[in-house]
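Engineer:
Number of protein chains: 2
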Amino acid sequence: MLQKTNFFVYPNLTPKDSLFVIQNAVAKQSVLLIVGNCRVDYEGRASSKLDWGERLVMIKSDRSILIHRSTGYEPVNWQPPGCIIQTELVSGIDLKIRAIRSQPRETLEILFDELSLVTILNLVDKGAFSLYVSEEDIKKSIMLRPSLIEENFRCIIDEKMQPTGFIDIFGVDEEGNPVIIEIKRGTVRKEAVIQLRGYVEPLSKTNPKIRGIIAAPKLGKGIKPLLDSMNLEYKRINVKKCAEILKRSEGSKISDFFTKPKS
Amino acid sequence: MLQKTNFFVYPNLTPKDSLFVIQNAVAKQSVLLIVGNCRVDYEGRASSKLDWGERLVMIKSDRSILIHRSTGYEPVNWQPPGCIIQTELVSGIDLKIRAIRSQPRETLEILFDELSLVTILNLVDKGAFSLYVSEEDIKKSIMLRPSLIEENFRCIIDEKMQPTGFIDIFGVDEEGNPVIIEIKRGTVRKEAVIQLRGYVEPLSKTNPKIRGIIAAPKLGKGIKPLLDSMNLEYKRINVKKCAEILKRSEGSKISDFFTKPKS
DNA sequence: GCCTAGGTCCCGTCT
DNA sequence: AGACGGGGCCTAGGC
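Protein sequence lines, in the order shown, are assigned to chains A and B.
Heads up: the first sequence at position 215 corresponds to 211 in the working numbering, and the numbers run straight through without jumps.
Heads up: the second sequence at position 99 corresponds to 95 in the working numbering, and the numbers run straight through without jumps.
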């Protein structure tokens, strides 16, 4: 599986000389890394300004652009994939990179007065990415084995039961009472309880025997009394058990995302 | 303002030779870029697997770690700041990087069989970052000029009015009726309406004259009838006008975030 | 195209 | 430490 990434490194380019290199890399859909001293302006849904400093700018094959400072998981400024990338020499000495998005209309402008390092990467990456146990996976597990909720529970319809929202699972308990199930993949918070109440309450006016159950791996602190006060229920879900159920029913992979690298 | 970033580039390192370079860079809190052929395993709140392929791994000064493929705004795998970074030679030929987070317990493992390019960056970045017009800014504007809502509206208390949640602004209209205001900085969606209803409904039982108003720059499609059916109101907010009000009252900057680069 | 709901969301803030 | 709500959230799926 040995593979050698194709790359080019350009230390200490002048902004003038960088123009061709950058334009070329963007045209060839390479991954472009630009390190240098810059300032950044963003205007769109909000506005932001970032004063001079040294950062790493990454332009990816799909024309997404990320500006990273030395700390922080998130880029300080960015543009999602598909934006238009323009380069320009300003006053003969500075490099301006403009990334424009049309929907919503947003512009990002980076002005470099000094480029330390420009790197071009041609990454070959066809590896499959798979993630286990999403909320959707839990839902599938319950559909496959309704006893995860309780004995003799039956799923009836899985969504679109209300004009004002979506119900994760709709079913019937062993006594024939309608049951609305809200699934959460993490800890249940107040928000989820209010959401479920919003689904159950209108229906309880016509059928007072309707039940609302939150199915999740964990219950937040102080949520149990809240549920009780609203006459709602909680059913703990074991995500590992879900993974097993899905594995047995479908094969080893639960959800696959094949991120197609461009050509 | 010319500045020269301090950097080191190591092309085609062997995994064995990379160990010292990487450990050293992490210890010195440099920004580390590693390009090579790798596979990735993540186990924590969820689990994921990424098969072999060429990627860019970034380890930042605060020990956040990002794995980027050639496309996508988001990293395919990551660990937020503060994780523990371990490096290890596997079978004498492969480089394993492990990033462990304790709360919640999550592990990320990257196995490289080939390193194309290792880059170390010492970014000097003290530039201030400022962002304009947040939800908080709109709130301040309304507090400063309640007529943005309607003539003779008065703000009474700005939050913590309910056990079941937080109200953005609480006030009184010219007839003395209590008013609950929910602020959104973007387009109003169904979710916000349900949220506001959740605040107004319990109070309307004791005082049926209570009003609920959503203040936002834009109303989503189909939201108006929903508001009407719940007897809630909408007041359009001009964000540019908010910016002016704040500028006049406080100065040019509305909210500043000084991301402190470590030493 | 817009809207909806999920996320390993991350992140600040407050209890 | 846990909980809560915002975000230029981003992203995928539906209509």
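All C-beta atoms, glycine included, are put in the ideal place defined by N, C-alpha and C.
1) For the putative contact between residue 73 of chain B and residue 113 of chain B, defined by C-beta atoms under 8 Å, what is the C-beta separation to the nearest angstrom?
2) Consult DSSP for residue 194 of chain B and reduce its assignment to one of helix, strand or coil.
3) Expressed to the nearest angstrom, what Euclidean distance is found between the alpha-carbon atoms of residue 136 of chain A and residue 241 of chain A?
4) With 8 Å as the threshold, decide whether the Cβ of residue 103 of chain A is near any Cβ in chain B.
5) Relative to the C-alpha of residue 47 of chain B, which residue among A/208, A/123, A/145, A/179 is closest?
6) Could you name the residues of chain B that residue 10 of chain A contacts, counting a contact when the two beta carbons are closer than 9 Å?
7) Report yes or no: is there a C-beta of chain A within less than 8 Å of the C-beta of residue 195 of chain B?
8) Could you check whether the Cβ of residue 77 of chain A sits closer than 8 Å to any Cβ belonging to chain B?
9) DSSP beta-bridge partners for residue 33 of chain A?
10) In terms of alpha-carbon separation, which member of B/69, B/67, B/68, B/52 lies closest to residue 61 of chain B?
11) Under a three-way DSSP split, which group does residue 135 of chain B fall into?
12) Which residues, in order along the segment 50 to 67 of chain A, keep a beta-carbon less than 8 Å from a beta-carbon of chain B?
13) Whole angstroms is fine: what's the gap from residue 208 of chain B's alpha carbon to residue 166 of chain B's?
14) Can you tell me whether DSSP reads residue 251 of chain B as helix, strand or coil?
15) Mind checking residue 148 of chain B: buried by the 16 CB within 10 Å criterion, or exposed?
16) Among the residues of its own chain, which have a CB less than 8 Å from the CB of residue 302 of chain B, if the five just before and after it don't count?
17) Leaving aside the five residues before and after residue 12 of chain B along the sequence, list all residues of the same chain whose C-beta is less than 7 Å from its C-beta, in chain order.
18) Under the rule that 16 or more other beta-carbon atoms within 10 Å means buried, what is residue 33 of chain B, buried or exposed?
19) Cα separation between residue 0 of chain A and residue 238 of chain A?
20) Taking 8 Å as the cut-off, does the segment 15 to 34 of chain A touch the segment 75 to 95 of chain A (at least 3 CB pairs, one atom from each stretch)?
21) Counting only Cβ-Cβ distances shorter than 8 Å, please list the residues of the segment 120 to 131 of chain A near chain B, keeping chain order.
22) Considering only residues of the same chain and omitting the five flanking positions on each side of residue 100 of chain A, which have a CB-CB separation below 8 Å?
23) For residue 200 of chain A, which option in A/173, A/217, A/220, A/181 has the closest C-alpha, if you only look at C-alpha atoms?
24) Using the beta-carbon count (16 or more within 10 Å), is residue 108 of chain B buried or exposed?
25) Determine which residues share a DSSP beta bridge with residue 229 of chain A and list them.
26) Under a CB-based cut-off of 8 Å, is residue 237 of chain B close to chain A?
27) Please tell me whether residue 22 of chain A has its Cβ less than 8 Å away from any Cβ of chain B.
28) Along the chain, where does the beta strand (DSSP E) that runs through residue 63 of chain B open and close?
29) Could you list the residues in the segment 30 to 45 of chain A with a C-beta less than 8 Å from some C-beta on chain B, going in chain order?
30) Helix or strand or just coil, what does DSSP make of residue 219 of chain B?
31) Would you check if the distance between the CB atom of residue 87 of chain B and the CB atom of residue 57 of chain B is smaller than 8 Å?
32) Drop a sphere of 10 angstroms on the beta-carbon of residue 202 of chain B, count the other beta-carbons inside from all chains shown, and report buried for 16 or more, exposed for fewer.
33) Apply the 10 Å Cβ neighbour rule to residue 2 of chain B and answer buried if 16 or more other Cβ atoms are within range, or exposed otherwise.
34) Of all Cβ atoms in chain B, is any one closer than 8 Å to the Cβ of residue 156 of chain A?
35) With 16 other CB atoms within 10 Å as the buried threshold, where does residue 21 of chain A fall?
36) For residue 193 of chain A, which residues of its own chain have a beta-carbon under 6 Å away from its beta-carbon, when the five flanking residues on both sides are left out?
Structural biologist: Quick answer:
1) Your numbering for residue 73 of chain B matches position 77 in the second sequence. Your numbering for residue 113 of chain B matches position 117 in the second sequence. Contact flag wrong, Cβ pair sits at about 19 Å.
2) In the second sequence, residue 194 of chain B corresponds to position 198, counting from 1. In this structure, residue 194 of chain B counts as helix in the three-state DSSP scheme.
3) The residue you call residue 136 of chain A lines up with position 140 of the first sequence. The residue you call residue 241 of chain A lines up with position 245 of the first sequence. Cα to Cα, residue 136 of chain A sits roughly 9 Å from residue 241 of chain A.
4) Counting from one through the first sequence, the residue named residue 103 of chain A turns up at place 107. No, residue 103 of chain A does not count as interfacial toward chain B.
5) For the purposes of this step, residue 47 of chain B is identified with residue 51 of the second sequence, where counting begins at 1. Residue 47 of chain B has its Cα closest to that of A/123, out of A/208, A/123, A/145, A/179.
6) Mapped onto the first sequence, residue 10 of chain A falls at position 14. Ordered by position in chain B, no residue passes the 9 Å Cβ test against residue 10 of chain A, which lies about 12 Å from the chain.
7) The count along the second sequence starts at 1 and reaches residue 195 of chain B at position 199. Not an interface residue.
8) Locating residue 77 of chain A in the first sequence gives position 81, where the first residue counts as 1. Output row for residue 77 of chain A: interface = yes.
9) Position 37 of the first sequence, counting from 1, holds the residue named residue 33 of chain A. For residue 33 of chain A, which the question treats as bridged, DSSP gives the partners A/50, A/110.
10) Counting from 1 along the second sequence, the entry for residue 61 of chain B is found at position 65. Per the Cα distances, B/52.
11) Translated into positions along the second sequence, residue 135 of chain B becomes position 139. Helix.
12) 50, 51, 52, 54, 56, 57, 58, 60, 62, 64, 65, 66, 67
13) Position 212 of the second sequence, counting from 1, holds the residue named residue 208 of chain B. Position 170 of the second sequence, counting from 1, holds the residue named residue 166 of chain B. Rounded to the nearest angstrom, the two C-alpha atoms are 10 Å apart.
14) As a working mapping, residue 251 of chain B is identified with position 255 in the second sequence. Note that residue 251 of chain B has pLDDT 42, beneath the 50 cutoff, so the model's placement of it is unreliable and the number below is only indicative. Here residue 251 of chain B sits in strand by DSSP.
15) Here residue 148 of chain B corresponds to residue number 152 of the second sequence, with the count starting at 1. It counts as exposed.
16) An answer regarding residue 302 of chain B cannot be provided, because it is not within the stretch -3 to 259 covered by chain B.
17) Indexing the second sequence from 1 puts residue 12 of chain B at position 16. Around residue 12 of chain B: 85.
18) Position 37 of the second sequence holds residue 33 of chain B. Buried, since its Cβ has 16 or more Cβ neighbours within 10 Å.
19) Within the first sequence, numbered from 1, the residue matching residue 0 of chain A stands at position 4. Within the first sequence, numbered from 1, the residue matching residue 238 of chain A stands at position 242. Near 39 Å, if we compare the C-alpha coordinates of residue 238 of chain A and residue 0 of chain A.
20) yes
21) 120, 121, 122, 123, 124, 125, 126, 127, 128, 129, 130
22) Position 104 of the first sequence, counting from 1, holds the residue named residue 100 of chain A. Answer for residue 100 of chain A: 40, 41, listed in chain order.
23) Your numbering for residue 200 of chain A matches position 204 in the first sequence. If we check each option's Cα against that of residue 200 of chain A, A/173 comes out closest.
24) Position 112 of the second sequence holds residue 108 of chain B. Answer is buried; the Cβ neighbour count reaches 16.
25) Sequence index remark: in the first sequence, residue 229 of chain A carries index 233 (1-based). Note: residue 229 of chain A sits in a beta bridge opposite A/209.
26) On the second sequence, residue 237 of chain B is found 241 positions in, with the first residue counted as 1. Residue 237 of chain B does not count as touching chain A.
27) Position 26 of the first sequence, counting from 1, holds the residue named residue 22 of chain A. So no, residue 22 of chain A is outside the interface.
28) For this step, residue 63 of chain B is matched to residue 67 along the second sequence. Unbroken beta strand (DSSP E) run through residue 63 of chain B: 61 to 64.
29) 31, 32, 33, 35, 41, 42, 43, 44, 45
30) In the second sequence, residue 219 of chain B corresponds to position 223, counting from 1. Residue 219 of chain B falls in the helix class under three-state DSSP.
31) One-based indexing of the second sequence puts residue 87 of chain B at position 91. One-based indexing of the second sequence puts residue 57 of chain B at position 61. Going by C-beta atoms, residue 87 of chain B is not nearer than 8 Å to residue 57 of chain B.
32) Numbered from 1 along the second sequence, position 206 holds the residue referred to as residue 202 of chain B. Exposed: under 16 other Cβ atoms inside 10 Å.
33) Here residue 2 of chain B is taken as the residue at index 6 of the second sequence, counted from 1. By the neighbour-count rule (16 or more Cβ atoms within 10 Å), residue 2 of chain B is not buried but exposed.
34) Residue 156 of chain A sits at position 160 when you count from the first residue of the first sequence. The predicted model places residue 156 of chain A with a pLDDT of 46, which falls under 50 and marks its position as unreliable, so this point remains unresolved.
35) Within the first sequence, numbered from 1, the residue matching residue 21 of chain A stands at position 25. It is buried - the Cβ of residue 21 of chain A has at least 16 other Cβ atoms within 10 Å.
36) The count along the first sequence starts at 1 and reaches residue 193 of chain A at position 197. Correct list, in chain order: 226.
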